[in-house]
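Enquirer: One structure, as structure tokens, below. Some questions next.
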Amino acid sequence: MLSENSIKELRTNLRGGLIEPGDQAYDEARKVYNGMIHKRPRLIARCADAADVIHSVNFSREHNLLLAMRSGGHNAGGLGICDDGLVIDLGPIKYARVDPAARTVTVGAGCTWGDVDHATHAFGLATPSGILSTTGVGGLTLGGGIGHLTRKCGLTIDNLLSADVVLADGKFAKANADENPDLFWAIRGGGGNFGVVTAFTFKLHPVDMIYGGPMLYELSETAEVMKWYRDLIATAPDDLNGFFAFLTVPPAAPFPEHLHMKKMCGVVWAYAGPQTKAEETFKPIRAFKKAALDLVGPLPQPALQSMFDALYPPGLQWYWRADFVNELSDEAIAQHIRFGNALPSMHSTMHLYPINGAASRVGKNDTAWNYRGATWAQVMVGVDPDPANNEKNISWTKSYYEALHPYSAGGAYVNFMMDEGEERVKATYGDNYERLVAIKNKYDPDNLFRVNQNIKPGKKKPGTN
Ligand SMILES: Cc1cc2nc3c(=O)[nH]c(=O)nc-3n(C[C@H](O)[C@H](O)[C@H](O)COP(=O)(O)OP(=O)(O)OC[C@H]3O[C@@H](n4cnc5c(N)ncnc54)[C@H](O)[C@@H]3O)c2cc1C
């Protein structure tokens with residue numbers, strides 16, 4: 073039982089504020105991006121700075137209270153919230169400071185990627201993130217970070233230079249190549265298992281304009297398109313990124329009316345090389361076949377990053393399953409066609425994100441992120457605004473995943489996983505898992521940080537504390 077006095081003390085210690093059930097702000101504060109998740113925490117600590125985080129971590133540990141933490145609240149498995157525990161809401165720690173000379177940006181843990189793109193684009197610079205601007209910097213980064221710039225600049229973690237971390241014992245630590253390098257290794261892919269990151273410093277790249285957007289084809293052409301895409305991406309220059317997708321054309325501009333609500337396949341391209349070479353780069357792509365819709369052209373980097381925000385507002389019902397994929401065999405393509413033809417709702421989709429190129433040139437033991445040899449991160453997602461359709465969408469997602477899993481590399485990108493159990497987490501970290509357990513033993517031996525894709529501490533030896 074928590075005493076009123078202890079809660080009062082925590083409230084006094086927090087600059088950002090404390091929210092409890094019954095407070096007017098409670099229902100809004102406990103909402104996460106996935107409308108399928110409804111959890112009721114005992115306390116929500118709106119943390120304004122690292123000091124607030126230290127007080128909250130200490131409170132949770134001293135009162136044996138389950139602890140969750142959220143940055144953008146986007147996690148599909150709802151790992152940014154918990155029932156009955158304390159939620160560290162990092163939302164108020166929102167700032168992004170660019171150092172144009174050093175080409176770095178230091179970002180508060182409450183930023184979304186839209187906040188970061190806004191700050192860096194003014195300097196003609198960018199760091200790789202995901203494909204939506206509403207996703208939180210915290211969760212996306214700590215799980216890896218795959219997006220439009222992956223082939224050119226690597227994963228988001230490959231551009232992380234330093235992090236400020238509040239540890240399970242309430243102490244503050246820097247994690248970078250020189251300070252606590254074991255922690256730095258672990259947080260690059262190991263998720264929120266090792267501490268609460270309050271600030272991230274990223275390397276920036278001179279990426280300003282992108283030549284990109286969707287190029288869509290008839291569903292009947294999927295086999296041909298997928299095989300061509302598979303071969304093209306294997307040898308494409310790093311400057312060219314393109315993820316394959318099944319989708320339903322939204323009934324809105326800029327999509328032409330005759331394609332509205334049509335199921336299609338296609339590639340969302342992002343060419344981040346010299347813009348003078350963009351048209352030339354796309355000549356063979358356009359020569360392959362006339363696309364039913366070609367919206368590829370020059371646009372500012374933040375415009376590409378936020379292109380799908382309106383299609384996927386917060387509150388939709390999300391269910392997803394994922395795998396890493398080394399090869400896209402003709403047999404796997406046949407299965408993709410089966411399920412692509414049966415997309416169960418307008419928002420449901422399947423994406424194959426390339427992770428070859430720059431991301432594959434980092435060693436599989438250089439960071440916690442193990443699947444450096446895979447070619448794609450694959451995700452199938454059943455999405456819909458209406459909970460009444462959940463059963464249908466979940467069933468399609470599971471069946472699709474089960475049909476394709478035999479063709480996969482084994483593990484999955486942690487940020488695309490829901491609650492899939494310990495073995496799946498182990499499979500994902502491969503031969504990095506034991507080292508992660510050792511680092512967990514050092515920094516969080518009692519598993520205070522366990523609302524995540526959990527790396528469990530090893531068993532304590534008898535006679536040790
Ligand atoms: C619509 C949608 C699109 C997506 N697109 C992409 C994409 O293009 N590329 C990609 O790589 N991923 C993508 N993702 C997955 C995304 O990376 C994960 O959902 C990620 O967890 C979201 O981060 P968040 O901070 O918003 O999540 P939250 O729900 O806030 O947090 C999730 C978990 O991350 C950890 N965490 C968050 N912040 C911190 C912190 N500061 N310190 C310590 N631990 C922390 C915690 O363990 C927490 O449980 C997408 C997700 C959605 C729903």
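For the sequence shown, the numbering used here gives the first residue as 73, with consecutive numbering after it.
Glycine is no exception: its CB is placed at the ideal position from the N, C-alpha and C atoms.
A quick note: this is a predicted structure, and the numbers were derived from the prediction, not measured.
Since D121 contacts R142 with CB under 8 Å, what's their CB separation in whole angstroms?
Expert: If you number the sequence shown from 1, residue 121 lands on position 49. If you number the sequence shown from 1, residue 142 lands on position 70. Contact doesn't hold; Cβ gap of about 16 Å is too wide.
Enquirer: Measuring only the C-alpha atoms, how far is T536 from P517?
Expert: Translated into positions along the sequence shown, residue 536 becomes position 464. Translated into positions along the sequence shown, residue 517 becomes position 445. The pLDDT assigned to T536 is 48, lower than 50, so where the model puts this residue is not dependable, and the model offers no usable value.
Enquirer: CA-CA distance, I511 and Y425?
Expert: In the sequence shown, residue 511 corresponds to position 439, counting from 1. In the sequence shown, residue 425 corresponds to position 353, counting from 1. Each residue's alpha carbon lies about 30 Å from the other.
Enquirer: For C183, does the three-state DSSP call read helix, strand or coil?
Expert: Position 111 of the sequence shown, counted from the first residue, corresponds to residue 183. Residue state, collapsed to three classes: coil.
Enquirer: Return the bridge partner residues of S471 from the DSSP annotation.
Expert: Taking the first residue of the sequence shown as position 1, residue 471 is located at position 399. According to DSSP, S471 bridges with nothing at all.
Enquirer: Going by Cα to Cα distance, which pick from A317, A404, A431, R507 is closest to F380?
Expert: Numbered from 1 along the sequence shown, position 308 holds the residue referred to as residue 380. When only C-alpha atoms are compared, the closest one is A317.
Enquirer: For L214 and V125, which I take to be in contact (beta-carbon distance under 8 Å), what is that distance rounded to the nearest angstrom?
Expert: Numbered from its first residue, the sequence shown carries residue 214 at position 142. Numbered from its first residue, the sequence shown carries residue 125 at position 53. Wrong, their Cβ atoms sit about 15 Å apart, outside the cutoff.
Enquirer: Nearest to H183 by CA position, among R358, L233, T273, N461, is which residue?
Expert: Position 111 of the sequence shown, counted from the first residue, corresponds to residue 183. A quick correction: the sequence has Cys, not His, at residue 183. Closest by alpha carbon: T273.
Enquirer: Sort Q373, T469, Q407 by Cα distance to V188 and report the nearest one.
Expert: The residue given as residue 188 occupies position 116 in the sequence shown. Checked all of Q373, T469, Q407; the closest Cα to V188 is Q373.
Enquirer: If we call anything under 9 Å between Cβ atoms a contact, is I153 one with R118?
Expert: Translated into the one-based positions of the sequence shown, residue 153 becomes position 81. Translated into the one-based positions of the sequence shown, residue 118 becomes position 46. In this structure, R118 does not lie closer than 9 Å to I153 by Cβ.
Enquirer: Using the Cβ count rule (16 or more neighbours within 10 Å means buried), how would you classify S128?
Expert: Within the sequence shown, residue 128 is the residue found at index 56, counting from 1. That one is buried.
Enquirer: Decide if N77 is buried, meaning its Cβ has at least 16 other Cβ atoms within 10 Å, or exposed.
Expert: Residue mapping note: residue 77 aligns to position 5 of the sequence shown, counting from 1. N77 comes out exposed.
Enquirer: Assuming F256 is part of the beta strand (DSSP E), what are its boundary residues?
Expert: Along the sequence shown, read from residue 1 onward, the residue named residue 256 stands at position 184. First-last for F256: 253-259, but that is the alpha helix (DSSP H), not the beta strand (DSSP E).
Enquirer: Of the choices A359, G284, Y301, whose alpha-carbon is the least far from that of G345?
Expert: As a first step, residue 345 must be located in the sequence shown, where it is residue number 273. That would be G284, whose Cα lies nearest to the Cα of G345.
Enquirer: Using 8 Å as the cut-off, classify the Cβ of G483 as near or not near the heavy atoms of ligand 1, replying yes or no.
Expert: What you label residue 483 is simply residue 411 of the sequence shown in a count that begins at 1. Checking the Cβ of G483 against ligand 1 gives no.
Enquirer: According to the neighbour-count rule (16 or more other Cβ atoms, all chains shown, within 10 Å of its Cβ), is Y167 buried or exposed?
Expert: By 1-based counting over the sequence shown, the position of residue 167 is 95. It is exposed - the Cβ of Y167 has fewer than 16 other Cβ atoms within 10 Å.
Enquirer: Please name the residue, chosen from L508, K528, N524, that lies closest to D254 on a Cα-to-Cα basis.
Expert: As a first step, residue 254 is located in the sequence shown; it is residue number 182 there, counting from the start. Looking at the Cα atoms, L508 is the closest of the given residues.
Enquirer: Report, in whole angstroms, the separation of the C-beta atoms of A235 and I259, which I expect to be a contact under 8 Å.
Expert: Residue mapping note: residue 235 aligns to position 163 of the sequence shown, counting from 1. Residue mapping note: residue 259 aligns to position 187 of the sequence shown, counting from 1. About 6 Å; that satisfies the 8 Å criterion.
Enquirer: Taking 9 Å as the threshold (C-beta atoms), are A404 and Y485 in contact?
Expert: The residue labelled residue 485 in the question sits at position 413 within the sequence shown. The residue labelled residue 404 in the question sits at position 332 within the sequence shown. Not closer than 9 Å, so no.
Enquirer: Which runs of the beta strand (DSSP E) spanning at least 3 residues fall entirely within the stretch 182-266, listed in chain order?
Expert: Listed in chain order, they are 232-238, 244-248.
Enquirer: Thinking C-alpha only, which one of A363, S205, L232 is nearest G219?
Expert: Within the sequence shown, numbered from 1, the residue matching residue 219 stands at position 147. The residue with the shortest Cα to Cα distance from G219 is S205.
Enquirer: Between the Cα of T447 and the Cα atoms of K80, R410, V497, F396, which residue gives the shortest distance?
Expert: Here residue 447 corresponds to residue number 375 of the sequence shown, with the count starting at 1. With distances taken between Cα atoms, T447 lies closest to F396.
Enquirer: Since I116 and R102 are thought to touch, with beta carbons under 8 Å apart, how far apart are those beta carbons, to the nearest angstrom?
Expert: Counting from one through the sequence shown, the residue named residue 116 turns up at place 44. Counting from one through the sequence shown, the residue named residue 102 turns up at place 30. Confirmed, Cβ separation roughly 7 Å.
Enquirer: Return the first residue and the last residue of the beta strand (DSSP E) that T320 is part of.
Expert: In the sequence shown, residue 320 corresponds to position 248, counting from 1. Element bounds for T320: 312-320.
Enquirer: Would you say the beta carbon of N487 is closer than 8 Å to some non-hydrogen atom of ligand 1?
Expert: Against the sequence shown, residue 487 aligns to sequence position 415. Checking the Cβ of N487 against ligand 1 gives yes.
Enquirer: For ligand 1, is there any heavy atom lying closer than 8 Å to the beta carbon of F396?
Expert: By 1-based counting over the sequence shown, the position of residue 396 is 324. The answer is no for F396.
Enquirer: What does W448 pair with, by DSSP beta-bridge criteria?
Expert: If you number the sequence shown from 1, residue 448 lands on position 376. BP columns for W448 point to V397, P426.
Enquirer: Which residue comes first and which comes last in the beta strand (DSSP E) that contains M336?
Expert: For the purposes of this step, residue 336 is taken as the residue at position 264 of the sequence shown. Where M336 is concerned, the enclosing beta strand (DSSP E) stretches over 335-343.
Enquirer: According to DSSP, simplified to helix, strand and coil, what is E290?
Expert: Here residue 290 refers to the residue found at position 218 of the sequence shown. If DSSP states are grouped into helix, strand and coil, E290 belongs with the strands.
Enquirer: On the three-state DSSP scale, how would you describe P370?
Expert: Walking along the sequence shown from the start, residue 370 turns up at place 298. Three-state DSSP puts P370 in a strand.
Enquirer: Between the alpha carbons of R393 and M452, how many angstroms are there, rounded?
Expert: Reading the sequence shown from its first residue, position 321 is the one you call residue 393. Reading the sequence shown from its first residue, position 380 is the one you call residue 452. The straight-line gap from Cα to Cα measures roughly 6 Å.
Enquirer: On the CB-based measure, 16 or more other CB atoms within 10 Å of its CB, does A460 come out buried or exposed?
Expert: Reading the sequence shown from its first residue, position 388 is the one you call residue 460. Classification for A460: exposed.
Enquirer: Which residue wins for smallest C-alpha separation from G314, given the options I305, H330, A359, P322?
Expert: Translated into positions along the sequence shown, residue 314 becomes position 242. Of the listed residues, the one whose Cα sits closest to G314 is I305.
Enquirer: What I want to know is whether the C-beta of N524 ends up closer than 8 Å to one or more non-hydrogen atoms of ligand 1.
Expert: Walking along the sequence shown from the start, residue 524 turns up at place 452. Within the cutoff, so yes.
Enquirer: Taking 8 Å as the cut-off, is the beta-carbon of G217 closer than that to any non-hydrogen atom of ligand 1?
Expert: Locating residue 217 in the sequence shown gives position 145, where the first residue counts as 1. It does: the Cβ of G217 is within 8 Å (strictly closer) of some heavy atom of ligand 1.
Enquirer: Put G502 into one of helix, strand or coil per three-state DSSP.
Expert: As a working mapping, residue 502 is identified with position 430 in the sequence shown. Three-state DSSP puts G502 in a helix.
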